[in-house]
Each structure stands twice: as structure tokens, then as C-alpha cells.
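Right, one structure below, let's go through it.
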Amino acid sequence: MRIHIALPDALVVELDQRAGNRRRSAFICELIRRGLDDERRWDDIAAAVGGIPDTGHEWDEDPAEWVRRQRHRDDRRSG
Numbered sequence: 097m098r099i100h101i102a103l104p105d106a107l108v109v110e111l112d113q114r115a116g117n118r119r120r121s122a123f124i125c126e127l128i129r130r131g132l133d134d135e136r137r138w139d140d141i142a143a144a145v146g147g148i149p150d151t152g153h154e155w156d157e158d159p160a161e162w163v164r165r166q167r168h169r170d171d172r173r174s175g
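For the sequence shown, this note's numbering assigns the number 97 to the initial residue and increments by one for each residue that follows.
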């Protein structure tokens, strides 16, 4: 599909330097694809905010002791 986009001359000059001869469309397509992927990720992050209740953790009082207990629960570890 073709679309018409107006760009400042300086931006087109830099685009041509980066994309190379006759590669504008492919370069712009890839940038748009990446940008939309980033936007989808931010949408997912925004939707997840507040999804995990902030009720504290079992390690909050003594993180070092919690780590020691975790290590001793693993029979594959020695010491």
C-alpha cells in the first residue's frame, strides 16, 4: 500500500545517508514496525500496572535469612 508522508528536507537527507540508495521504503517500514512494537509493549506494561498486589513479601523482614532458607531447601546444594 502506498501512503504520502511529508518530511523536512534535512530529515530526508539523513534518511538517505542511513538507508542507502533506493532503500527509503524498507528503512521506514522497519522503523515503523519497531516503533509499533514498542508502543504495544508500553500498552502491555500500562495494562499490567496494579496487577500484582503490594502486600509485602516473605523476605521483607530479613532478606539474608530468607536467602539462607531458600538455599537449604535445595538438596542439590552443599553447604
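For every residue, glycine included, the Cβ atom is placed at its ideal position computed from N, Cα and C.
Integer Cβ distance of residue i from residue j, believed to fall under 8 Å
i, j, result
"residue 111", "residue 120", "6 Å"
Rounded straight-line distance, which links the Cα of residue j to that of residue i
i, j, result
"residue 118", "residue 126", "15 Å"
"residue 116", "residue 107", "14 Å"
"residue 170", "residue 156", "21 Å"
"residue 167", "residue 147", "29 Å"
"residue 122", "residue 135", "20 Å"
Top-ranked residue by Cα proximity to residue i, from the options
i, options, result
"residue 103", "124, 116, 134", "124"
"residue 190", "162, 147, 145", "Look at the range of the chain in this structure, 97 to 175, and you will see that residue 190 is not part of it."
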